[in-house]
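So the sequence shown is numbered by this note's numbering: it starts at 4 and just counts up by one.
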Amino acid sequence: MFCSYNSIVFTGISHTLFISGLKNIKAQTASIIASLEPVYGIIATVILLNEIPTLREVMGGIVILTMATYSTLKTKDNT
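1. Could you pull out every unbroken alpha helix (DSSP H) segment of at least 4 residues lying fully inside the segment 14 to 56, listed in chain order?
2. Could you give the distance in angstroms between the alpha-carbon of residue 40 and the alpha-carbon of residue 51?
3. Beta-carbon separation of residue 70 and residue 38 under 9 Å?
4. My guess is that residue 49 and residue 68 are in contact by the Cβ rule of under 8 Å, so how many angstroms apart are they, rounded?
5. Below 9 Å between beta carbons: does that hold for residue 36 and residue 64?
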């Protein structure tokens, strides 16, 4: 029962809101936001659970942030 509740509330509703939000933004912006979800998860874990990320997690977050920044800057240069 608890797993059903979690899947409906935390997954179903959040994805529904994300998909409905796509109507208001460009596809590239949505993809950058979606690619940053692991970074948001690490930050939320640090804040809410006081858990320190491993070096591997930090390095992964840096790679994701670097690529998101590069993608954003490259798009601005093309327009």
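No residue lacks a Cβ here, since even glycine has one placed at the ideal position from N, Cα and C.
With the given structure in hand:
1. 17 to 24, 30 to 38 and 40 to 52
2. 16 Å
3. yes
4. With a Cβ gap of about 15 Å, residue 49 and residue 68 do not count as contacting.
5. no
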